[in-house]
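Q: This is the structure I want to talk about, given as structure tokens.
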Amino acid sequence: MTNESYDVISKRAKTARITKNVITYFFLGVWGLMVLFPFYWMILTSFKGYGSYNAEYTPKLYTLDPTIKNYKDAFTAVPLGGYFVNTIIFTVLTTAIMVFVTVFAAFAFSRLQFKGKNLLFTLFLSLMMIPNELVVITNFVTITDWGMRNTFMGLILPSVTSVFYIYLLKENFEQIPEDLYKAAKVDGTSDIKYLFKVMIPICQPTVVTIIILKVIECWNSYVWPRLITDDATYYLVSNGIQEIRENGFGRENIPAMMAAVVAISVPLIIIFLIFHKKIMAGVSRGGTKG
Amino acid sequence: MRKAGNIKAWLYLLPAILFLGVFMVYPLIDVLIYSFEEGYNSASQTSYGTGWFNYAYVLHDKYFLQAIKNTFIIVIITVPLSTGIALLISLGLNSIKKLRDLFQTIYFLPYVTNTLAVGLVFMIMFKKTPYTDGLVNMVIKLFGSGPIDFIDGPYWAKMFVMCFYTIWVVMPFKILILTSALASVDDVYYKAAKIDGTSSFRTFTRITLPMISPMIFYLVITGFIGAFKAYSDEVAIFGTNLNAAGMNTIVGYVYDMLYGNAGGYPSYASAAALILFAIVFTITVINLLISGKNSIN
Amino acid sequence: MKIRFDGLTKRFPNRNKEIKADVVAVDNFTFEIPDGKLIGLLGPSGCGKSTALNLICGLETPTSGKIYFDEDDVTDLPPENRGVGMVFQSYALYPHLTVRKNIMFPLENLKGKDKLTKAQMEEKVLEAAKVVQIEELLDRKPKEMSGGQQQRVAIARSLVKMPRVLLLDEPLSNLDARLRIQTREEIKRIQNTTGITTIFVTHDQEEAMSISDMIVVMKTGVVHQIGKPQEVYDNPIDLFVAKFLGTPPINVFDGEIKGGELYIGGEKVLGKDYVKDTADGEVTVGIRPEGFVLNDSLDGKEGVFSVDLKAIEVMGRDTSVVFEHANAEGRLRAIVRSDNNIDGKSDTIKFNLNSKKVYVFSKETEERLI
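Protein chains in written order, with the numbering used here: chain E, 49 to 338; chain U, 222 to 518; chain G, 40 to 409.
What follows is the structure, given as structure tokens:
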């Protein structure tokens, strides 16, 4: 082979590399736009006036006279603030109780010895296969019978256990060397103290993962709250949005609706942007273990 | 000592057992009973017999059949498409260095947003009203086609929006999982392939795919399960009255039977839920069998 | 095929972002690797030897300078057009493919006129497998084999398309001690059979010395010395090379040249015949363990150089004398005949020196003076 043909090959390889890069960035950019555009559109629309929005037969991709009136409407004409408070209460309580239930159960399964442990754990695992849709029917009846419709108790109680999270945490707990537990026992450390001072700090990433997943789930939960609440004072944001869509703001006030949508989406997005590394790592961990 | 240990362990487990017992195990048995009780009346809590009547009723209900059809179409379109596109995007992400973090963060955004809320935005972008053709129609018009009503119009137009939104919602998780699966493939294999002059296509089919196939199967299985349970994305786009829109899903049917305008029939709801469970279970088992056959070992 | 480097340089941005200066992994390589030889690229870890390997195979492109294969400039050529075979440190065997499929993999990439029929491929695979003696393992998966066997498969895979150059990155580092010696002989044998120019990277000087036709000693991107192993060992160009080669390592003392004679700690150890016309001044003296010689009665009671005896270690073939000296750091070692009469309880011992095993280096530049 001669030098010349090597030159040609070298040049061709370089061109191919550049072309590939351009195409890759182009398509990644396109999908980025697809993801971001709805967000742009809802923010844009939320700043358009009611009149000017309805006057646009062909929607405009920008607005020259932004208004914050829609946001005022969103918090005054409909009880959006109330939905917010409800969702926060619901999310915090559900997540907190869930973490306690999960941590205790995972601890018992991973460290304590008792009769019937393996059988019980197998039973737990088999529950993982049961879809929520199957049990929601009876739970609806149960909560109704207990007179807990339109209460936080009714909203929270059925949502506090997750077999999957118990499994996830148990697996993680078991990776802590048994010797650590024995050493703690020799030093006279109580189980509870060992759990909170040693195990949880070591498994903090998993606990954080569980909390993140649960918070996102709570913030977006729609089906159960819809079944259990028909009094708007107990609506969560999801139900609130649906309520606004069907009955709020009188006739088709889309800019105000979008303002409400922005208001609902922003808290989680801000939290995400701050902790995005942790959250993505957490979801990835939770996802790949399953 | 041993006995005390036993009691302590059960104490730690008590909350979990209580909650799971009341809200999972009991309902599981109960839903079976419901589904076989004929003519159950929620008010009087009585029924006049047992049998397959509820199943027969549900299976002959035109709304249920429509829901099954819709659900299957959504599953068949969105699962392969979203997994495929997510794979392409992840491959792209893995091949770049600059802007990678930014793209990854953007792609993940839909995961943390309220699907009901963003669904409303999609509805507005696609909707055609007397006042406006909507944003999407504006784009379609640029290509010279007439306006289509995606929200209240023809079935396939609605189905298109539905699938589009479903894919948009499920993409973040799949991209995340696939990017980390791709990143976990040791770079040295690609170096070795490169020295041997392996084309990118062959590198992909012979090295990358086999190495990440467990994750792909995992995504397909969970994707199937998730798509069969589609409901709130539908509500987000078409509102709560899905039957009227002709876009109901099996889960939607279950809830409608339980509650809402057509509600008050827990027996029908139970039968429908159990049928759904049977379908999901069968598909999952088939998936596992296929993946078992194709797995590395 | 011979390989020629001309001012080859590779810089990386520093990983520690606070340091602005680039890391120079390969600094101005200008030398030639002869055809059909086994070359050991030797240096401590982080010295840039793996980068050098990556530059040769084309996985990385140089910042400046040229690489020639024979007379062809291959500097910007993608790896697949260079005709190189590479064995990675971790072997990089595809875990989901059998040994046969692994070895066949490079052949299946051939396109156009080079395309082979199935039968031709099978034949070539078998041929390569025979060279590394793994014919009977062809249907196993990598996981079902020992480290040494995986190593052979990796070599077979890189040989199967008859590369012009074979590159091995730390080929023995993942093997246990016994396998290491066996495998290095194996590599030598394979190189002899195939006659392919082979370059391997290692941080283990013993490994490099034992099988290489030629070694290239480098440190922080710079080539210090190139030559036949024995020549480099006998004639180190500077203190680094002298310290890096040899087990036990060379013993280093602070010394002085006074009036044309070599002194260590007040004792005159070597005279004018040795020092010749080297200028007076403080120097660093390196003495190989085998450079210490006992007196005729083999009891170490007479000699030009006295040291503090610490221990006698019997090695069988010979004896290792462990000692300390005020002008040197830590414990030092001399290798002497096993039939000596040294009194192990004595506090001091005296040696004569074999002048061929004594090297004098400049204190400032560490370059060899004598």
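Cβ coordinates follow ideal geometry from the N, Cα and C atoms, glycine included. Given the structure is predicted, the values throughout are model-derived calculations rather than measurements.
#1: In or out: E/Ser53 buried (at least 16 other Cβ within 10 Å) or exposed?
#2: Provide the residue span of the alpha helix (DSSP H) that contains G/Ala281, from first to last.
#3: So, at 7 Å on beta carbons, what are the nonlocal neighbours of U/Met468 in its own chain, with the 5 sequence-adjacent residues on each side left out?
#4: Could you check if G/Leu211 is buried or exposed, using at least 16 other CB atoms within 10 Å of its CB as the buried criterion?
#5: With DSSP as the reference, label U/Cys390 as helix, strand or coil.
#6: Taking the beta carbon of U/Tyr410 as the centre, do at least 16 other beta carbons fall within 10 Å, making it buried, or is it exposed?
#7: If you measure between the beta carbons of E/Met328 and U/Leu397, is that distance less than 8 Å?
#8: Across which residues does DSSP place G/Ser103 in a beta bridge pair?
#9: Measuring only the C-alpha atoms, how far is G/Arg217 from G/Arg139?
#10: Let me know if U/Asn518 comes out buried or exposed under the rule of 16 or more other beta-carbons within 10 Å of its beta-carbon.
#11: If you measure beta-carbon to beta-carbon, which residues of the stretch 219-253 of chain E are closer than 8 Å to chain U?
#12: Please identify, using Cβ separations under 7 Å, the residues of the stretch 251-274 of chain E that lie next to chain U, in order along the chain.
#13: Residue range of the beta strand (DSSP E) that G/Asp293 falls in?
#14: Can you give the beta carbon distance from G/Phe279 to G/Glu119, rounded, assuming they're within the 8 Å contact cut?
#15: Which residues, in order along the stretch 113-128 of chain G, keep a beta-carbon less than 7 Å from a beta-carbon of chain E?
#16: Measure the C-alpha to C-alpha separation of G/Ala281 and G/Asn93 and round it to an integer number of angstroms.
#17: Just to confirm before moving on: does the CB-CB distance between E/Leu261 and E/Val309 stay below 8 Å?
#18: Going by the beta-carbon positions, is the gap between G/Glu352 and G/Val361 smaller than 8 Å?
#19: Tell me, which residues are paired with G/Ser401 by DSSP?
#20: Helix, strand or coil for G/Gln244? Go by DSSP, reduced to three states.
#21: What is the residue span of the beta strand (DSSP E) that E/Gln290 lies within?
#22: Measuring straight from C-alpha to C-alpha, what distance separates E/Phe320 and E/Glu265?
#23: What does DSSP give as the partner residues of G/Glu71 in its beta bridges?
#24: Who does U/Val252 pair with in a DSSP beta bridge?
#25: Quick one: residues in its chain with C-beta nearer than 8 Å to the C-beta of G/Ala193, no 5 flanking neighbours on either side, listed in chain order?
#26: With which residues is G/Asn391 paired in a DSSP beta bridge?
#27: Could you pull the start and end residues of the beta strand (DSSP E) that G/Ile351 belongs to?
#28: Any C-beta of chain G within less than 9 Å: which residues of the stretch 414-443 of chain U qualify?
#29: Would you tell me roughly how many angstroms separate the C-alpha atoms of U/Tyr284 and U/Ile298, rounded to the nearest one?
#30: For G/Ile409, name the three-state secondary structure that DSSP assigns.
#31: Would U/Ile442 be called buried (16 or more neighbouring beta carbons within 10 Å of its own) or exposed?
#32: Return the CA-CA distance between G/Gly254 and E/Ala61, expressed in angstroms with no decimal places.
#33: Relative to the C-alpha of G/Gly87, which candidate in G/Lys150, G/Glu110, G/Val62 has its C-alpha closest?
#34: Between G/Leu98 and chain U, is there a C-beta pair that is closer than 8 Å?
#35: So what does G/Ser359 bridge to, in DSSP terms?
#36: Please say whether U/Thr353 and E/Glu300 have beta carbons closer to each other than 8 Å?
A: In this structure, then:
#1: On the first sequence, residue 53 of chain E is found 5 positions in, with the first residue counted as 1. When all chains shown are included, E/Ser53 counts as exposed.
#2: For the purposes of this step, residue 281 of chain G is identified with residue 242 of the third sequence, where counting begins at 1. That run of the alpha helix (DSSP H) goes 278-283.
#3: Locating residue 468 of chain U in the second sequence gives position 247, where the first residue counts as 1. Asn291, Lys379, Met383, Glu455, Phe459.
#4: By one-based count along the third sequence, residue 211 of chain G stands at place 172. Buried is the call here.
#5: In the second sequence, the residue the question calls residue 390 of chain U occupies position 169. The residue you asked about is not Cys; residue 390 of chain U is Val in the sequence shown. Three-state result, U/Val390: helix.
#6: Residue mapping note: residue 410 of chain U aligns to position 189 of the second sequence, counting from 1. Classification of U/Tyr410: buried, given that the 10 Å Cβ count is 16 or more.
#7: Translated into positions along the first sequence, residue 328 of chain E becomes position 280. Translated into positions along the second sequence, residue 397 of chain U becomes position 176. Cβ distance < 8 Å, so E/Met328 and U/Leu397 count as in contact.
#8: Start at 1 with the first residue of the third sequence, and residue 103 of chain G comes out as number 64. According to DSSP, G/Ser103 bridges with G/Thr48.
#9: Along the third sequence, one-based indexing puts residue 217 of chain G at 178. Along the third sequence, one-based indexing puts residue 139 of chain G at 100. When rounded, the distance between both Cα atoms is 27 Å.
#10: The count along the second sequence starts at 1 and reaches residue 518 of chain U at position 297. With a pLDDT of only 41 at U/Asn518, under the threshold of 50, the placement of this residue in the model should not be trusted; the figure read from the coordinates follows. So U/Asn518 ends up on the exposed side.
#11: Asp239
#12: Ile264, Trp267, Asn268, Tyr270, Val271
#13: Locating residue 293 of chain G in the third sequence gives position 254, counting from the first residue. Unbroken beta strand (DSSP E) run through G/Asp293: 290-297.
#14: The residue you call residue 279 of chain G lines up with position 240 of the third sequence. The residue you call residue 119 of chain G lines up with position 80 of the third sequence. Incorrect: roughly 37 Å between the Cβ atoms, too far for contact.
#15: Val113, Asp115, Leu116, Pro117, Asn120
#16: The count along the third sequence starts at 1 and reaches residue 281 of chain G at position 242. The count along the third sequence starts at 1 and reaches residue 93 of chain G at position 54. Distance between the alpha carbons of G/Ala281 and G/Asn93 is about 27 Å.
#17: Position 213 of the first sequence, counted from the first residue, corresponds to residue 261 of chain E. Position 261 of the first sequence, counted from the first residue, corresponds to residue 309 of chain E. For E/Leu261 and E/Val309, no; Cβs fall outside 8 Å.
#18: Indexing the third sequence from 1 puts residue 352 of chain G at position 313. Indexing the third sequence from 1 puts residue 361 of chain G at position 322. It is a contact, given that the beta carbons lie within the stated cut-off.
#19: Sequence index remark: in the third sequence, residue 401 of chain G carries index 362 (1-based). Paired residues: G/Val322.
#20: Mapped onto the third sequence, residue 244 of chain G falls at position 205. Of the three classes helix, strand and coil, the one that applies to G/Gln244 here is helix, per DSSP.
#21: The count along the first sequence starts at 1 and reaches residue 290 of chain E at position 242. Looking at the DSSP string, E/Gln290 is not in any beta strand (DSSP E); the run it does join, the alpha helix (DSSP H), is 285-295.
#22: Here residue 320 of chain E is taken as the residue at index 272 of the first sequence, counted from 1. Here residue 265 of chain E is taken as the residue at index 217 of the first sequence, counted from 1. So the two alpha carbons sit approximately 14 Å from each other.
#23: Numbered from its first residue, the third sequence carries residue 71 of chain G at position 32. DSSP, once it has assigned bridges, lists G/Arg43 as partnering G/Glu71.
#24: The count along the second sequence starts at 1 and reaches residue 252 of chain U at position 31. U/Val252 is not bridged to any residue.
#25: Sequence index remark: in the third sequence, residue 193 of chain G carries index 154 (1-based). Cβ within range, chain order: Val126, Phe127, Tyr130, Ala131, Leu132.
#26: Sequence index remark: in the third sequence, residue 391 of chain G carries index 352 (1-based). According to DSSP, G/Asn391 bridges with G/Val332.
#27: Position 312 of the third sequence, counting from 1, holds the residue named residue 351 of chain G. First-last of the beta strand (DSSP E) with G/Ile351: 344-353.
#28: Ala414, Lys415, Ile416, Asp417, Gly418, Thr419, Ser420, Arg423, Arg427, Ile428, Pro431, Met432, Ser434
#29: Here residue 284 of chain U corresponds to residue number 63 of the second sequence, with the count starting at 1. Here residue 298 of chain U corresponds to residue number 77 of the second sequence, with the count starting at 1. Each residue's alpha carbon lies about 21 Å from the other.
#30: Residue mapping note: residue 409 of chain G aligns to position 370 of the third sequence, counting from 1. DSSP places G/Ile409 in coil when its eight states are reduced to three.
#31: In the second sequence, counting from the first residue as 1, residue 442 of chain U sits at position 221. Its Cβ being crowded by 16 or more others within 10 Å, U/Ile442 is buried.
#32: Against the third sequence, residue 254 of chain G aligns to sequence position 215. Against the first sequence, residue 61 of chain E aligns to sequence position 13. For the record, residue 254 of chain G in the displayed sequence is Ile; it is not Gly. If you take the alpha carbons of G/Ile254 and E/Ala61, they lie about 33 Å apart.
#33: Here residue 87 of chain G refers to the residue found at position 48 of the third sequence. Nearest C-alpha to G/Gly87: G/Val62.
#34: Stepping through the third sequence from its first residue, residue 98 of chain G is reached at position 59. So yes, G/Leu98 belongs to the interface.
#35: As a first step, residue 359 of chain G is located in the third sequence; it is residue number 320 there, counting from the start. Looking at the DSSP assignment, G/Ser359 forms a beta bridge with G/Glu352, G/Ile374.
#36: To locate residue 300 of chain E, count along the first sequence from 1; it is residue 252. To locate residue 353 of chain U, count along the second sequence from 1; it is residue 132. No, these two residues do not count as a Cβ contact at 8 Å.
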